[in-house]
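Below is one structure, written out as structure tokens; the observations come after it.
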Amino acid sequence: MMITSNSFIIFLVQSEVSFFGSLSHPNLIKLLGFCSENVKKTRELLLVYEFTPNGSLADHLFTSLFMKNPATEPLSWNLRLKIAIGAARGMAFLHMSQVIHKAFIPSNILLDGNYNAKISGFGLAREGPTEGHSPGTTRVIGTNGYAAPEYIATGRLYVKSDVYCFGVVLLEMMTGLRAIDIKRPDRQKYLVDWLKPILTNTEGPKDIMDVRMKGQYSSEAMSRAAQITSRCLEQDPSSRPSMDEVSQALEQIESIKERPQ
1 MMITSNSFII
11 FLVQSEVSFF
21 GSLSHPNLIK
31 LLGFCSENVK
41 KTRELLLVYE
51 FTPNGSLADH
61 LFTSLFMKNP
71 ATEPLSWNLR
81 LKIAIGAARG
91 MAFLHMSQVI
101 HKAFIPSNIL
111 LDGNYNAKIS
121 GFGLAREGPT
131 EGHSPGTTRV
141 IGTNGYAAPE
151 YIATGRLYVK
161 SDVYCFGVVL
171 LEMMTGLRAI
181 DIKRPDRQKY
191 LVDWLKPILT
201 NTEGPKDIMD
211 VRMKGQYSSE
221 AMSRAAQITS
231 RCLEQDPSSR
241 PSMDEVSQAL
251 EQIESIKERP
261 Q
């Protein structure tokens, strides 16, 4: 990645390099090296990351070039669950390390050759408190459709704000729909507002699942995925699970032996 600097970008890059220098986890993208030099009175920064040949989660869910490529199959239920578990483990590690990601979105979930999740986007990460009663405060930066309500309202960040973002991504993985789509009817533009009430209905989840996964999951797995997604999307941060709890819930879903419906 080549970056031509301005003061804000330099700050983001320095933050990213600082974090990667101290954090290492199988589900975090690995920074292999970096260098900086002045070129024609402009400072340029080069960051080198590990190669992720399968692009990002956003590519597979939403990008037409990926979806229309005959060599690229739609992500199966099992692969989506694997990616979600890996991402949850990576986020749990960040929170244990006192780091709030702040920009957890599908384009920041990169996929290696075996579809292991590699969380990126640490230019917006910040060190912060892990308890709900002691928030960090920052200027709200554009993650429309993913940002937790308390962050939008106050600019205050908690680890539970990341959990809300994770819930939005889980909902996208279940439905194959974007968090915001202005092409949808007015009442359906915002995915969470539209579909969260349906998640806990007895029959609701079945009607909103991505048709590309039809026949790949059991009713119990679908129901439990909807439940943990709904919990992540609670309005009250204290009512949301920790990322460690989310990881465990997803692992339990993966272990379900019931035959797909």
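Using the UniProt record's numbering, the first residue of the sequence shown is number 1, and each one after it goes up by one.
By construction, the Cβ of each residue, glycine as well, lies at the ideal position given by its N, Cα and C atoms.
Legend entry - Straight-line gap, R184 to S255 (C-alpha atoms, nearest Å): Roughly 35 angstroms between the two C-alpha positions.
Legend entry - Whether M174 touches I208 by CB criterion (9 angstroms): Yes, these two residues count as a Cβ contact at 9 angstroms.
Inset, instruction - Would you list the one or two residues that DSSP bridges to L110? - result: Beta-bridge pairing links L110 to S56, K118.
Inset, instruction - Have a look at the DSSP bridge pairing and note the partners of I180. - result: The beta-bridge partner set that DSSP reports for I180 consists of Y190.
Inset, instruction - For L171, count neighbouring C-beta atoms within 10 Å of its own C-beta (all shown protein chains included) and say buried if the count is 16 or more, exposed if not. - result: Classification for L171: buried.
Inset, instruction - Specify the secondary structure class of S134 as computed by DSSP and reduced to three states. - result: Its pLDDT being 46, under 50, S134 is placed unreliably by the model, and nothing is read from it.
Inset, instruction - Ignore the nearest five residues each way along the sequence and tell me which others in S134's own chain have a CB closer than 8 angstroms to its CB. - result: Confidence at S134 is low in this model, with a pLDDT of 46, below 50, so its placement is unreliable and no value can be given for it.
Inset, instruction - Select from Q98, V246, Q227 the residue whose C-alpha is nearest the C-alpha of G86. - result: The option with the nearest alpha carbon to G86 is V246.
Legend entry - Beta-ladder partner(s) of Y49, from DSSP: Residue pairing by DSSP places Y49 opposite L31 in a beta bridge.
Inset, instruction - Note down, in chain order, each residue of its chain lying with its Cβ closer than 8 angstroms to the Cβ of Y190, except the 5 sequence neighbours on either side. - result: Excluding positions up to five away in sequence, the list reads G145, A179, I180.
Legend entry - Neighbourhood of K206 by C-beta distance below 7 angstroms, restricted to the same chain and skipping five residues each side: Here the set comprises M222.
Inset, instruction - State whether the stretch 92-99 contacts the stretch 148-157, with contact taken as three or more CB pairs (one from each stretch) at a distance under 8 angstroms. - result: By the Cβ test, the stretch 92-99 is not in contact with the stretch 148-157, since fewer than three Cβ pairs between them sit closer than 8 angstroms.
Inset, instruction - Look at the Cβ atom of R224, then the Cβ atom of I198, and state whether they are nearer than 9 angstroms. - result: Result no, Cβ atoms of R224 and I198 do not sit closer than 9 angstroms.
Inset, instruction - Give the range of the alpha helix (DSSP H) segment to which R224 is assigned. - result: Run containing R224: 219-232, per the alpha helix (DSSP H) assignment.
Inset, instruction - Assign V163 to buried or exposed, taking buried as 16 or more other Cβ atoms, counted over all protein chains shown, within 10 Å of its Cβ. - result: The residue in question, V163, is buried, as its Cβ has 16 or more Cβ neighbours within 10 Å.
Inset, instruction - Would you tell me roughly how many angstroms separate the C-alpha atoms of G176 and L47, rounded to the nearest one? - result: Taking the straight line joining both Cα atoms gives about 31 angstroms.
Legend entry - Segment contact flag, the stretch 110-118 with the stretch 27-36, C-beta cutoff 8 angstroms, min 3 pairs: Flag = yes, the stretch 110-118 and the stretch 27-36 touch.
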